[in-house]
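Scroll down for the structure; my scribbles are underneath it.
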Amino acid sequence: MASVKNLKKDINYVLSDIIEECYVWQMLQDDTKKVEKAEKIIDEAIATFDELIVKVNANNIENKKLHFKSVNAELYTKGQELLAKIEKL
């Protein structure tokens, strides 16, 4: 990981792309019940963003390099989970 700044940007880009994908999917739907399913994914992406940013900003970390690698890995797994949920819509 090059820097904390880049990790924050990665978190922002990945999760904002997932939210954008949900919005595009919502625009293509006619059924309002299906639109609500996408809203749940958007809410989950926002909650994931908040969790990861709190972890990145934590000050009481002993091994920062390992901590940031774990946050990056968590971003990858949560992003994959959210994308899988979008595919199921």
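Quick note: the sequence shown uses my numbering, first residue 5, plus one each step.
Built from N, CA and C at the ideal position, the CB exists for glycine as well.
Note that this is a predicted model, so its numbers are computed, not measured.
Under the 8 Å Cβ criterion, the stretch 13-20 counts as touching the stretch 46-53, having at least three qualifying pairs.
Contact annotation: residue 41 and residue 93 have beta-carbon atoms nearer than 8 Å. Within the same chain, 23 and 26 come within 6 Å of residue 46 by CB-CB distance, once the 5 residues on both sides are set aside. Secondary structure of residue 7 (DSSP, three-state): coil. Using a 10 angstroms sphere on the CB of residue 82, the tally of other CB atoms reaches 16 or more, which defines it as buried.
Closest in C-alpha terms to residue 7, from the list 71, 78, 31 and 49, comes 71. In the structure shown, residue 56 falls within a helical segment according to DSSP collapsed to helix, strand and coil.
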